[in-house]
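**Q** Residue numbers (our numbering): 631 to 1033. Got a structure for you, written out below as structure tokens; questions coming shortly.
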Amino acid sequence: MEPRFAPPAADRATDAPDVGTFDADVAVIGLGAVGSSAAWRLAARGHDVLGFEQFEPGHAWGGSTGATRLFRVACLEHPGLTPIARRARDLWRELEASSGQTLFHETGGLMIGPPDSRIIEGTLRAAEAHDLPVEQLSAEEIARRFPGHARLNPGDIGVWDPEAGILRPEAAIVAAVDAARASGARILTNTRVTAFEPDGEGVTVRTADAVYRVRRVAVTSGPWIARFLPDLPVTPHRVVMTWFRAREGREADLDTLPVFIRSVPGRDTWIWGHGAMPAADGAAGFDAKVGPEFDGPFDADDPDAIDRVVHAGETDGISDLVAAAFPDLDPEPSGVTTCIMTHTPDGQFTVGPTADERIVVGGGCSGHSFKHASALGELVAQSIAGEPQFSDAAFMDPRRFAS
Ligand SMILES: Cc1cc2nc3c(=O)[nH]c(=O)nc-3n(C[C@H](O)[C@H](O)[C@H](O)COP(=O)(O)OP(=O)(O)OC[C@H]3O[C@@H](n4cnc5c(N)ncnc54)[C@H](O)[C@@H]3O)c2cc1C
631 MEPRFAPPAA DRATDAPDVG TFDADVAVIG LGAVGSSAAW RLAARGHDVL
681 GFEQFEPGHA WGGSTGATRL FRVACLEHPG LTPIARRARD LWRELEASSG
731 QTLFHETGGL MIGPPDSRII EGTLRAAEAH DLPVEQLSAE EIARRFPGHA
781 RLNPGDIGVW DPEAGILRPE AAIVAAVDAA RASGARILTN TRVTAFEPDG
831 EGVTVRTADA VYRVRRVAVT SGPWIARFLP DLPVTPHRVV MTWFRAREGR
881 EADLDTLPVF IRSVPGRDTW IWGHGAMPAA DGAAGFDAKV GPEFDGPFDA
931 DDPDAIDRVV HAGETDGISD LVAAAFPDLD PEPSGVTTCI MTHTPDGQFT
981 VGPTADERIV VGGGCSGHSF KHASALGELV AQSIAGEPQF SDAAFMDPRR
1031 FAS
């Protein structure tokens, strides 16, 4: 088949690299959370970008659906995530300016657990490493300031992260794709990449009805990454998201129930979520959201064959945890949907070049990457551009699994 595009000309930025006989400098495969920002950050640098998305940007079938995502700066998963979260917030703010929408609501967030729990130790480790302005609260102070959090474990403490908040994932992805287009990227929606093959000096990228030659490829296909890179240990897994309403006469808004991660009394697990927000300024509102800790091992689900029906009994476990932790919430879900999480063995992302440096990955969400996604897109772009990384991302190096 013939390449669909002639060598790009007039629509390219004047400082764009010379793509010669290539159709584009870079193909970005998958324009979800990470890929939309990778396309934007590459195009903003003057790279000639071809972005492929198998559905419409902001769709409901990958890892980024569900109206909200928690943002935290004191990242309990790894202290190296703090500068990435802060860079991501700057980029989300840039997208707010370009799109004219509120994508990030800074509400503050509360982590609650025993002092020696992973929640508290991990949060404090990140706070200490970066001198973050967090505040430690006793169980009594938590009950007084945040009455939505009742029934704490005896001895639980809280860590307040004032920079935490809530992101709007679908709108953020659409805004990043629009920003990529505005910087000159060519975006093909409803176009699935079926294969790519490195050869000679570049990479051949195939869709059902066309073939493209590019110099480099960014694989940002989220739950579908293993389709292209079967040696990368990324496991897509179906999960159910649940929303809850306050009981009659009770409150469950963001003042009483700000962004949280907390242990549950008498249970060896944690839950995460946030309170409700009414619709305002043209943006949709949402009920309180509560989800369980996702702790492996995880079955690999086929992302093309996810059961989108939430069956009777599937939400009993989370309802039980809600009843145990939040007396003001009706434990019967007010809303449910399915989503796909993509796990790695160590719970850290996979961002950076593969053994073949023409192929750069951005994914391996492990349930906590949306907040960082704009900055992960920046890291992908820096990797492709051969620039130094703005922050040490060695702990996300996809090649760590090879050894
Ligand atoms: C239930 C749940 C709760 C979460 N909560 C949080 C949270 O509170 N905070 C947080 O920071 N993170 C959270 N996460 C994680 C976060 O939402 C995901 O990590 C992130 O959205 C995944 O982004 P991604 O770019 O890797 O994948 P996606 O956003 O799924 O993007 C991949 C894209 O690639 C496209 N694609 C795939 N294959 C092809 C192909 N062959 N050709 C063209 N396009 C293709 C897909 O259609 C998709 O659009 C949560 C995840 C889940 C599932």
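In this text, a Cβ means the ideal position worked out from N, Cα and C, and glycines have one as well.
(1) What do you reckon, is the C-beta of V664 under 7 Å from a heavy atom of ligand 2?
(2) Relative to ligand 1, is the shortest distance from any of its heavy atoms to the C-beta of L661 smaller than 7 Å?
(3) Thinking C-beta only, is G921 closer than 8 Å to M871?
(4) Quick check on the burial criterion: 16 or more other C-beta atoms within 10 angstroms. Buried or exposed for P799?
(5) Using only alpha-carbon positions, find the residue among V991, G965 and V952 that is nearest to D1027.
(6) Is any heavy atom in ligand 1 found nearer than 7 Å to the beta carbon of V772?
(7) Taking the C-alpha atoms as reference points, what is the distance between L1006 and G879?
(8) Can you tell me the Cα-Cα spacing of A825 and L859, whole angstroms?
(9) What would DSSP say about S1004, mapped onto helix, strand or coil?
(10) What did DSSP end up calling R938 once you bin it into helix, strand or coil?
(11) Taking the CB atoms as reference points, tell me whether G905 and G743 lie closer together than 8 Å.
(12) Under the three-state reduction of DSSP, which class applies to E944: helix, strand or coil?
(13) Take every Cβ of the segment 886 to 893, pair it with every Cβ of the segment 671 to 684, and state whether three or more of those distances are shorter than 8 Å.
(14) Do you know offhand how far A668's Cα is from A985's?
(15) Do you know offhand how far M741's Cα is from D653's?
(16) When the Cβ atoms of the segment 962 to 978 are set against those of the segment 806 to 814, are three or more pairs found closer than 8 Å?
(17) Compare the Cα-Cα distances from F916 to each of F924, L884, D946 and A942 and report the closest residue.
(18) With a Cβ-Cβ cutoff of 8 Å, do V864 and G692 count as a contact?
(19) Once DSSP output is grouped into helix, strand and coil, what is the label at L700?
(20) Is it buried or exposed, G688, if we count other Cβ atoms within 10 angstroms and call 16 or more buried?
(21) Could you check whether R845 and D655 sit closer than 8 Å to each other, using their CB atoms as the reference points?
(22) Does the segment 1001 to 1016 come close enough to the segment 659 to 667 that 3 or more CB-CB pairs lie under 8 Å?
(23) Is it buried or exposed, F1020, if we count other Cβ atoms within 10 angstroms and call 16 or more buried?
(24) Counting pairs of Cβ atoms below 8 Å between the segment 842 to 856 and the segment 711 to 728, do you hit three or more?
(25) Are L733 and A802 touching if we call contact CB-CB under 8 Å?
**A** Taking the coordinates as given:
(1) Questions concerning ligand 2 fall outside what the structure shown contains, since the ligands it does hold are ligand 1.
(2) Here residue 661 refers to the residue found at position 31 of the sequence shown. L661 Cβ: within cutoff of ligand 1.
(3) Counting from one through the sequence shown, the residue named residue 871 turns up at place 241. Counting from one through the sequence shown, the residue named residue 921 turns up at place 291. Yes.
(4) Here residue 799 refers to the residue found at position 169 of the sequence shown. Under this definition P799 is a buried residue.
(5) In the sequence shown, counting from the first residue as 1, residue 1027 sits at position 397. Of the candidates V991, G965 and V952, the one whose C-alpha sits nearest the C-alpha of D1027 is V991.
(6) Reading the sequence shown from its first residue, position 142 is the one you call residue 772. Residue identity differs from the one stated: residue 772 is Ile in this sequence, not Val. For ligand 1, not one heavy atom lies less than 7 Å from the Cβ of I772.
(7) Translated into the one-based positions of the sequence shown, residue 1006 becomes position 376. Translated into the one-based positions of the sequence shown, residue 879 becomes position 249. The straight-line gap from Cα to Cα measures roughly 42 Å.
(8) Within the sequence shown, numbered from 1, the residue matching residue 825 stands at position 195. Within the sequence shown, numbered from 1, the residue matching residue 859 stands at position 229. Looking at the backbone, the Cα of A825 and that of L859 are separated by about 11 Å.
(9) Within the sequence shown, numbered from 1, the residue matching residue 1004 stands at position 374. Helix, per DSSP.
(10) Position 308 of the sequence shown, counting from 1, holds the residue named residue 938. If DSSP states are grouped into helix, strand and coil, R938 belongs with coil.
(11) By 1-based counting over the sequence shown, the position of residue 905 is 275. By 1-based counting over the sequence shown, the position of residue 743 is 113. G743 sits away from G905, with the two beta carbons spaced by 8 Å or more.
(12) Walking along the sequence shown from the start, residue 944 turns up at place 314. Reduced to three states, the DSSP call for E944 is coil.
(13) Touching, no, given that fewer than three Cβ pairs across the two stretches are closer than 8 Å.
(14) Locating residue 668 in the sequence shown gives position 38, counting from the first residue. Locating residue 985 in the sequence shown gives position 355, counting from the first residue. Spanning the two alpha carbons is a distance of roughly 20 Å.
(15) Locating residue 741 in the sequence shown gives position 111, where the first residue counts as 1. Locating residue 653 in the sequence shown gives position 23, where the first residue counts as 1. M741 and D653 have their C-alpha atoms roughly 48 Å apart.
(16) Between the segment 962 to 978 and the segment 806 to 814, the count of Cβ pairs shorter than 8 Å is below three; the stretches do not touch.
(17) If you number the sequence shown from 1, residue 916 lands on position 286. Of F924, L884, D946 and A942, the residue nearest in Cα terms is L884.
(18) The residue labelled residue 864 in the question sits at position 234 within the sequence shown. The residue labelled residue 692 in the question sits at position 62 within the sequence shown. Contact flag unset, no.
(19) Here residue 700 refers to the residue found at position 70 when the sequence shown is read from its first residue. The answer is strand: DSSP assigns L700 an E or B state.
(20) Working through the sequence shown from its first residue, we reach residue 688 at position 58. G688 should be labelled buried.
(21) The residue given as residue 655 occupies position 25 in the sequence shown. The residue given as residue 845 occupies position 215 in the sequence shown. Result yes, Cβ atoms of D655 and R845 sit closer than 8 Å.
(22) Result yes; three or more Cβ-Cβ pairs closer than 8 Å.
(23) Translated into positions along the sequence shown, residue 1020 becomes position 390. Exposed.
(24) With a cut-off of 8 Å, the segment 711 to 728 and the segment 842 to 856 do not count as touching, because too few Cβ pairs lie within range.
(25) Mapped onto the sequence shown, residue 733 falls at position 103. Mapped onto the sequence shown, residue 802 falls at position 172. In contact: L733 and A802 (Cβ atoms closer than 8 Å).
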